[in-house]
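First to last, the sequence lines map onto chains A and B. Just so it is clear: in the first sequence, position 133 is 250 by the numbering used here, and no numbers are missing. Just so it is clear: in the second sequence, position 10 is 15 by the numbering used here, and no numbers are missing. Take a look at the structure set out below.
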Amino acid sequence: MSEQSTGRSGFTPAYLDRVGSSFTDFLGTTAPDLLPGRRTLPAVPVGELSPHATTIVSVTFDGGVLMGGDRRATMGNLISSRDIEKVYAADSWSVIGIAGAAGIAIEMVRLYQVELEHYEKIEGMTMSLDGKANRLAGMIRGNLGAAMQGLAVVPLFAGYDLDAAEGASPGRIFSYDVTGGNYEERGYASVGSGSLFAKNSLKKTWRPGLSGDAATRTVVEALYDAADDDSATGGPDTVRRLFPIVYRVDAEGAVRLPDAEVAAVADAIVADRSAAENREG
Amino acid sequence: MTMPYYASAEQVMRDRSEYARKGISRGRSVAVLTYDDGVLFIAENPSSTLHKVSELYDRVGFAAVGRYSEFESLRVAGIRLADVRGYSYNRRDVTGRVIANAYAQTLGEVFTQQMKPFEVELCVAEVGDTPESDQLYRLTFDGSIVDEPDFVVMGGQADAVTANLRQHFSHGLSLTEALRVGVQALSAVSPVTAANGGGQLPAEQLEVAVLDRRRPKRAFRRVVGAPLRALLADEPAPAEEPGTTATHAPSAPAPGTPPGLGDPAAVDTAGGTEPASAQPATQDGAGGGTEGTTPDGDAPGTQQ
């Protein structure tokens, strides 16, 4: 029975093997060519050929965690996309934002979403938040070869910890490096080319125990500050009405904030900044 | 495989069928019924962790009777097939028919080529956009596959339950009515109710799940705890119907394909354009398929 015959003929033995609940591991044995980390790459730097996605920001607030990303993807000195989405719900309780080579990153997010759902369906329960963070680290590790040639993918992962101890904040943020290193962050984190400026902004605006609305403002403001100084990060586009994507994860699950809500926050920030500018001028 | 004595093929098949049938008839029954908003699974199952009913994919569910270890490995295989297909094609390209065909092939192969056939009977159900497009496939141990229109009953007293359902089932039942009809039919033949001198199976003895076409992405949802007891108690519609709707609300905007790979207006994209995805309102949170992981305990019970 060949692999291609699945679905027309019966299941191959690999399908009926009751070992493991990881989709990635399963693909590794049955269809390794579908995995992003298993391809042979040309031995030349190819980073310039691929669109790169940039700044992602995540902060905790009193009820959980927020993650936002700007809408720009760049290819060298060109803007390859103005409305790319870089923050996704990984499952009902966690979100993932991506910086780096957009094609590989988006493929990785798709694989990661299936990975979490697959586990959930097979085991009948959701993976623990630390388990999810570790699975993602494994995926990044598999991409190290591509990263060395300029196709690095660095995600930011955040989620609502359903098993959080009493008194501990249920919203948790994990950052990664290209080698798959996995670090839990306190309070706020940022990745991507504008992350330096975004972090500096958060340092001044973020406080522990912010309300959801106030935290949303810090996220959008940090992205504004990043766009101010980093050419690869897009600011609020008031002409096309394109604003950052912001996800909130709290006790009710992961939701994407409505565009109108983010637009209102961004408009308020733009208004405040221009008022301050004109006062000085 | 060497055969010490000659046995005709007919005899061998008959023996295997008998063996499989015997194994299946020892188990308790499972009923799968269509109702106006989708497909309802009812299993008589005292265990709350060893499930007979499961989610396979967004719009596809699974129910089985027989030997647990065997149908569990088939269930996992079905989930793997669905996820591989959905990942390499698109989520919309996963249909109940594909999975049912794979099951039929596998069961048929095992039945003809192995000494011991699988002692299982399966139902693959797919919920469509309209009641007419709902599909129920019944698969038996020998790999035969039947497309059933209204309901499928499998397991121990399948014939008696089917006869009971034929009398009481009709098209377009509400969830409450369908559950009542189904539980009644299962209770009529259950050894548990017989031991207690009749009556209805209690919620603890039942495993109930629905494929609800109104849910945007993953249609499968288990009905457990307080909502199940409320449904079983047949509470008056005003008190119970809104609660059903609330717990059926999507727990999250569909974590779906990235933009550019699908239609933003379609339910399987991550785009938050549809108003439903902007609502954080949900009780069961776990995005369908799982249970019991709500942060505030038995949240589905808090009906609104």
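Backbone N, C-alpha and C fix where the C-beta goes; we use that ideal spot for every residue, glycine too. Values in this document were obtained by computation on a predicted structure and should not be read as measured data.
Quick one: residues in its chain with C-beta nearer than 6 Å to the C-beta of residue i, no 5 flanking neighbours on either side, listed in chain order?
i	result
G255/A	none
T243/A	E237
A242/B	At A242/B, the pLDDT of 37 sits below 50, so the modelled position is not reliable and the matter cannot be decided from this model.
L166/A	none
P285/B	The predicted model places P285/B with a pLDDT of 40, which falls under 50 and marks its position as unreliable, so this point remains unresolved.
E245/B	Only weak support is given to the placement of E245/B: the predicted model assigns it a pLDDT of 34, under 50, and the value that follows is read from those uncertain coordinates. The residues are A235.
V356/A	none
G326/A	D179
A214/B	F46, V58 and R227
A131/A	T146 and T147
R64/B	E131, V132 and A224
Comparing alpha-carbon positions, which option in the options lies nearest residue i?
i	options	result
R26/B	E124/B, E75/B, V103/B and F76/B	E124/B
A68/B	L127/B, N201/B and R33/B	L127/B
R188/A	G284/A, V372/A and R358/A	R358/A
V166/B	Y24/B, V37/B and R234/B	V37/B
Q16/B	T117/B, G66/B and Y92/B	T117/B
D208/A	R199/A, D354/A, L228/A and L195/A	L228/A
S78/B	P353/A, T350/A, V337/A and D134/A	D134/A
V231/A	L86/B, S53/B and M120/B	L86/B
V188/B	H173/B, G202/B, E60/B and G177/B	H173/B
G91/B	H235/A, M192/A and S175/A	H235/A
E23/B	F146/B, R72/B and Y73/B	F146/B
A219/A	G267/A, F178/A and K320/A	G267/A
Q110/B	S195/B, D98/B and G83/B	G83/B
Y94/B	E202/A, H169/A and L151/A	L151/A
T333/A	T296/A, A190/A and Y364/A	Y364/A
G217/A	N251/A, P168/A, D179/A and L253/A	P168/A
G186/A	W210/A, R390/A and R199/A	R199/A
H56/B	P136/B, L184/B, Q210/B and D217/B	Q210/B
G352/A	S328/A, G370/A and V379/A	V379/A
Can you give me the start and stop residues for the beta strand (DSSP E) that residue i sits inside?
i	result
Q140/B	Q140 to L144
F274/A	V270 to Y277
D182/A	Per the sequence presented here, residue 182/A reads as Val, with Asp not at that position. V182/A -> beta strand (DSSP E) spans G181 to G186.
D208/A	V204 to D208
R289/A	G288 to Y293
D83/A	Here chain A comprises residues numbered 118 to 398, so residue 83/A is not present and cannot be evaluated.
A12/B	First-last for A12/B: undefined, no H or E at that position.
D152/B	I150 to E153
V197/B	Run containing V197/B: none in the beta strand (DSSP E); it sits in the alpha helix (DSSP H), P196 to A200.
Check the Cβ of residue i against every Cβ in chain B and list those closer than 7 Å, keeping chain order.
i	result
H235/A	I84 and D88
F178/A	By Cβ distance, chain B contributes nothing, its closest Cβ being about 14 Å from F178/A, past 7 Å.
Y132/A	A82, R85 and L86
G470/A	Within the shown structure, residues of chain A are numbered from 118 to 398, placing residue 470/A beyond reach of any answer.
R199/A	What R199/A touches in chain B: nothing, since even the nearest Cβ is about 12 Å away.
G262/A	Chain B residues near G262/A: none, gap ~22 Å exceeds 7 Å.
I239/A	V81 and I84
G127/A	A107, Q110, T111 and E114
Please return the same chain residues whose Cβ sits closer than 7 Å to the Cβ of residue i, not counting the five positions on each side in sequence.
i	result
D376/A	F360
A105/B	V129, Y142, L144 and I150
L178/B	Y40, D41 and V186
F140/A	V231, E232 and H235
V226/A	Y205, I213 and I215
A160/A	none
L206/B	E49, V188, L191, S192, S195, V197 and T198
Y11/B	none
V382/A	T333, R334 and V337
Considering residue i, what are the terminal residues of the alpha helix (DSSP H) in which it resides?
i	result
M484/A	Any answer about residue 484/A is impossible in this case: the structure gives chain A only from 118 up to 398.
A306/A	First-last for A306/A: Y305 to V308, but that is the beta strand (DSSP E), not the alpha helix (DSSP H).
A314/A	According to the sequence as given, residue 314/A is Phe; it is not Ala. First-last of the alpha helix (DSSP H) with F314/A: S312 to T322.
L233/B	G230 to L237
S78/B	Y73 to S93
Just the chain B side, please: which residues come within less than 8 Å of residue i by C-beta, in chain order?
i	result
V231/A	D88, G91 and Y92
I257/A	Those within 8 Å of I257/A in chain B number zero; the least Cβ separation is about 18 Å.
R357/A	Those within 8 Å of R357/A in chain B number zero; the least Cβ separation is about 15 Å.
K249/A	Going along chain B, no residue has its Cβ under 8 Å from K249/A, so there is no contact; the nearest lies around 13 Å.
R189/A	Going along chain B, no residue has its Cβ under 8 Å from R189/A, so there is no contact; the nearest lies around 14 Å.
Skipping 5 residues on each side, what residues in its chain have a beta carbon closer than 8 Å to that of residue i?
i	result
V171/B	The sequence shown places Arg at residue 171/B, not Val. Nothing listed; no residue qualifies.
G370/A	S209, W210 and Y277
List the residues of chain A that residue i touches, going by C-beta distances under 7 Å, in chain order.
i	result
S179/B	In chain order: nothing, as chain A lies at least about 27 Å away.
Residue i touches chain B at which residues, Cβ-Cβ below 9 Å?
i	result
F291/A	Per Cβ cutoff of 9 Å: no residues; F291/A is ~17 Å from chain B at best.
* the stretch 134-165 of chain A: positions lying closer than 9 Å to chain B by Cβ -> D134, R135, S138, F140, F143, L144, T147, A148 and L151
* With 8 Å as the limit, tell me which residues of the stretch 21-40 of chain B have their beta carbon closer than that to any beta carbon of chain A; keep them in chain order. => none
* Asked: Of the residues that make up the stretch 104-128 of chain B, which ones have a beta carbon closer than 9 Å to any beta carbon in chain A?
  -> I104, N106, A107, Y108, A109, Q110, T111, L112, G113, E114 and V115
* With 9 Å as the limit, tell me which residues of the stretch 49-75 of chain B have their beta carbon closer than that to any beta carbon of chain A; keep them in chain order. => Residues passing the 9 Å Cβ filter: T54, H56, S59, E60, L61, Y62 and S74.
* Give the residues from the stretch 311-323 of chain A that approach chain B closer than 8 Å (Cβ to any Cβ), ordered along the chain. => Of all residues in the stretch 311-323 of chain A, none has a C-beta nearer than 8 Å to a C-beta of chain B.
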